[in-house]
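Visitor: Just so you know, the sequences run in chain order B and W. If you're matching positions, the first sequence starts at 1 in my numbering and goes up one per residue. If you're matching positions, the second sequence starts at 1 in my numbering and goes up one per residue.
Protein chains: 2
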Amino acid sequence: METTENYEQLKLENQICFPLYAASRLVTRLYQPLLDELGLTYPQYLVLLVLWEHNGLTVNQVGDRLHLHSNTLTPLLKRLEQQGLLQRRRSTTDERLVQLMLTPEGNSLKKKAACIPSQLAAAADLPPDKALALKALLEELLQKHPSW
Amino acid sequence: METTENYEQLKLENQICFPLYAASRLVTRLYQPLLDELGLTYPQYLVLLVLWEHNGLTVNQVGDRLHLHSNTLTPLLKRLEQQGLLQRRRSTTDERLVQLMLTPEGNSLKKKAACIPSQLAAAADLPPDKALALKALLEELLQKHPSW
DNA sequence: TATATTTGGATCGTATACGATATAATCTTA
DNA sequence: TAAGATTATATCGTATACGATCCAAATATA
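(1) Would you report the Cα separation of W/H54 and W/R88, rounded to the nearest angstrom?
(2) Just how far apart, CA to CA, sit W/H67 and B/A22?
(3) Closest Cβ-Cβ distance between B/S108 and chain W: below 8 Å?
(4) Starting from B/P117, find everything on chain W with Cβ-Cβ shorter than 7 Å and list it in chain order.
(5) Return the residues of the stretch 56 to 80 of chain B that lie within a Cβ-Cβ distance of less than 8 Å from chain W, sorted by chain order.
(6) Could you please give the first and the last residue of the uninterrupted alpha helix (DSSP H) stretch that includes B/Q44?
(7) Quick one: complete alpha helix (DSSP H) runs, 4+ long, within the stretch 76 to 145 of chain W?
(8) Quick test of your reading: B/L126 and W/E13, contact by CB under 8 Å. State the CB separation rounded to the nearest angstrom.
(9) Taking B/E95 as the reference, give the member of B/C17, B/L85, B/T58 and B/L80 with the closest Cα.
(10) Would B/L134 pass as an interface residue toward chain W - the criterion being a Cβ-Cβ separation below 8 Å?
(11) Indicate whether B/L76 and B/V98 have their beta-carbon atoms separated by less than 8 Å.
(12) Once the 5 residues before and after W/Q83 are set aside, which same chain residues still bring their CB inside 7 Å of it?
(13) Please report how far the alpha carbon of B/L30 lies from the alpha carbon of W/H145, in whole angstroms.
(14) Per DSSP, which one or two residues make a beta bridge with W/T74?
(15) The alpha helix (DSSP H) spanning W/S147 covers which residue range?
(16) Would you give the residue range spanned by the alpha helix (DSSP H) that W/G63 belongs to?
(17) Expressed to the nearest angstrom, what Euclidean distance is found between the alpha-carbon atoms of B/D129 and W/S108?
Structure below.
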């Protein structure tokens, strides 16, 4: 005999992870018209956010901040290099390390990007208090899994 | 002259969309050991959640619920078909439509999946009240963009 | 009813994600 | 100091995402 209650939690509307997945994709799509003007994808933009704050980081140092490994980052970084936004160069003191140095073009893109956060917030159209509450809950979830 | 304040919002720690992106990927990874036992990826699991509730939907009807288009769904559905979990068959009344019919194996996978939601909740380790608050905020964000 | 438009899927190309593995450089330590 | 372990990055294979486009079927409409 089938006990219907066991399957309540399998309904899409009762999933919590599905809206997380859908919202993440939604936001990436909201970014896109803004990032198109810089010729960037969203993950590329994230890498530049990190480097604008900390130029010269290595691949894994960027990866630690974005929770990404070299199998994802290496091709992405090569594309940014081909676009002339950064240089990848082996450290002379430890040739295992690849340091990521912004070019003048990569650095100057920061000025064009300065308006993006407010524009994205307007596009997302979530009240500031709710955006902050959402951010806090997401960060609590992330902090529970530090092995990332 | 450079006004530092303009760039505050470009810092990674001030991004709200980055934790959304990172949390979505985290949760997908939390699902993975559970879904491995069913031989499913997370998006494949989402498709089955929909079909377990509404067997026989068309490609776009599933896509409407998951916010995915045929360019993503068609290859995914072909993989589910190859695994013997569903059949794709053209509607006889409207040959544009492809109906998705679960096979007995696809249907019976529901029983094995019944334990996944509670296991995932345990793995995520977010208190139920916060999980519900997070779900509500995400759904509010999603509802503001119905064109999806 | 013949043509134009719309609709539903499929295909193609590019860019992530990510597990598994490879490789070279560095470090450990017997 | 030579062999083994570790580290940092790269490579490979598979599976999404998604914009753009194609194609056939259905609908609308002149």
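Note that CB positions come from ideal geometry on N, CA and C, so glycine has one too. Small disclaimer: the values here were computed from a predicted structure and weren't measured.
Guide: To lay it out plainly:
(1) Computed Cα separation, rounded: 15 Å.
(2) W/H67 and B/A22 have their C-alpha atoms spaced approximately 7 Å apart.
(3) It does not: the Cβ of B/S108 has no partner Cβ on chain W nearer than 8 Å.
(4) Neighbours of B/P117 on chain W, chain order: Q9 and L10.
(5) Using a CB distance below 8 Å, the part of the stretch 56 to 80 of chain B facing chain W consists of R65, L66 and H67, ordered along the chain.
(6) Y42 to E53 is the span of the alpha helix (DSSP H), which, as asked, contains B/Q44.
(7) Listed in chain order, the complete alpha helix (DSSP H) runs (minimum 4 residues) inside the stretch 76 to 145 of chain W are 104 to 113, 116 to 124 and 128 to 143.
(8) So it is not a contact: roughly 19 Å between Cβ atoms.
(9) Closest option to B/E95, Cα to Cα, is B/T58.
(10) Chain W, which has a Cβ nearer than 8 Å to the Cβ of B/L134, makes this yes.
(11) For the 8 Å CB-CB criterion, B/L76 and B/V98 do not form a contact.
(12) Contacts found: G39.
(13) The C-alpha of B/L30 lies about 10 Å from the C-alpha of W/H145.
(14) According to DSSP, which records beta bridges pairwise, W/T74 is partnered with nothing at all.
(15) Premise fails: W/S147 is in no alpha helix (DSSP H) and is neither H nor E.
(16) From DSSP, the alpha helix (DSSP H) with W/G63 extends over V59 to L66.
(17) About 44 Å.
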